[in-house]
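In my numbering, the protein residues as written are -11 to 325.
Note that beta-carbon positions come from the ideal geometry of N, C-alpha and C, so glycine has one too.
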Ligand code: PHE
């Protein structure tokens, strides 16, 4: 009898019930009332008294092992079954929504939506650009400082990371017959030391409108509409004469400070005004460079930094926060459900 118990013990130990069917036949074979172990317990009654102790211990060991095997399978299986029930109940509400939108993306979408209401569509272009699209077609002279290694990340003599989204203007004008009414959001790169106020990459939105008879007044009204939609209807704008190689005349645009409302604060350096973008009438030579006849068409362009707009909208005062992925920063932009 001892030998039979030992061989059953071995069988039980080697058995791995990995599905419901196998587990049930295991239970029937060993643990049921007519199973092998019950048989042995019956037989035990006939064992000689001097052997009872030893054989009894062995038998108990066998029974415990078999029960443990079966229970282990059952608890594992029950667990799996309840898991799969949960995954199929698609009607359960989510417990919490952990993600948040990046503030730059929120503002980017606001900008796209505001210009969308004026009929501007969105276009895209490459971040690795050649000299023609980033500089030459835009009238940058050979010796212009922006072409310098100090400002531009060059990949080789002719290829660089774009320093502004104006390169996309060129691509659009080369391939699209006016009327053109587009905005071009994207990431740009400049070789600057990283600090609270400067970064080696940031985001711009370029705007371009080319058609017959487009005037400076059209540009001014478009930008006034944008500013009031973005910063509130009391917002005022002012245009200061400026210079860009690819626009003539050129201007920089300030808005009345969105933080203090124009009464003077740290952000506007107590002037009541903050600069938000560069703009101007597309230089006739640039139109020509891109295959558009400047005698027939005119246009305006503008370019703004998304970081700057976000700074004014949300009071973010350090550019590094945007790319450090600190959840204490990002959590502040969680949607309120
Ligand atoms: N590309 C200019 C810049 O990066 C901005 C700009 C765009 C100015 C379009 C005028 C017209 O500073």
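Residue state for residue 191 is assigned as strand, using DSSP reduced to three classes. Sequence-distant Cβ neighbours of residue 290 in its own chain, meaning closer than 6 Å and more than five residues away, are 195, 265, 267. Ranked by Cα distance from residue 241, the first of 263, 193, 256, 47 is 263. Judged by their CB atoms, residue 149 and residue 233 are not nearer to each other than the 8 Å cut-off. Buried is the label assigned to residue 18, since at least 16 other Cβ atoms lie within 10 Å of its Cβ. With fewer than 16 other beta carbons inside 10 angstroms of its own, residue 16 counts as exposed.
Per DSSP, residue 128 has no beta-bridge partner at all.
Boundaries of the alpha helix (DSSP H) around residue 154: 154 to 163. Between residue 25 and residue 54, the CB-CB gap stays under 8 Å.
In terms of CA proximity to residue 173, 97 leads the group 97, 87, 220, 204.
The Cβ-Cβ distance between residue 106 and residue 223 does not fall below 8 Å. Residue 261 has 244 as its beta-bridge partners, per DSSP. Under DSSP, residue 109 forms a beta bridge with 170.
The segment 197 to 206 and the segment 137 to 147 do not touch, with fewer than three beta-carbon pairs separated by less than 8 Å.
Taking C-alpha positions only, residue 260 is separated from residue 154 by approximately 29 Å.
Distances taken from the Cβ of residue 320 to the heavy atoms of the ligand PHE include none shorter than 7 Å. Taking 7 Å as the cut-off, the C-beta of residue 291 counts as close to a heavy atom of the ligand PHE. The beta carbon of residue 314 is closer than 7 Å to none in its chain, skipping five residues each way along the sequence.
Cβ-Cβ separation between residue 152 and residue 192: approximately 6 Å, consistent with a contact (criterion under 8 Å).
For residue 91, the three-state secondary structure derived from DSSP is helix. DSSP lists 243 as the bridge partner or partners of residue 225. Within a 10 Å sphere around the beta-carbon of residue 4 sit fewer than 16 other beta-carbons, which makes this residue exposed. Residue 4 sits in coil when the DSSP states are folded into three classes, being neither helix nor strand.
By alpha-carbon distance to residue 198, the top candidate from 161, 312, 129 is 161. Counting C-beta atoms within 10 angstroms of its own C-beta, residue 243 has 16 or more neighbours from the protein chains shown and is therefore classed as buried. Annotation for residue 152 indicates a beta carbon within 7 Å of some heavy atom of the ligand PHE. Scanning the segment 255 to 306 from its first residue to its last, the whole beta strand (DSSP E) runs of 3-plus residues come out as 261 to 270, 286 to 293.
When secondary structure is reduced to three states using DSSP, residue 178 falls in the coil class, being assigned neither helix nor strand.
Straight through space, the alpha carbons of residue 77 and residue -5 are spaced by roughly 47 Å. If you compare the alpha carbons of 270, 257, 253, 220 with that of residue 238, the shortest gap goes to 270. Residue 236 carries a strand assignment under DSSP once its states are collapsed to helix, strand and coil. Scanning its chain for C-beta atoms nearer than 6 Å, with the 5 sequence neighbours on each side dropped, one finds around residue 246 the residues 219, 300, in chain order.
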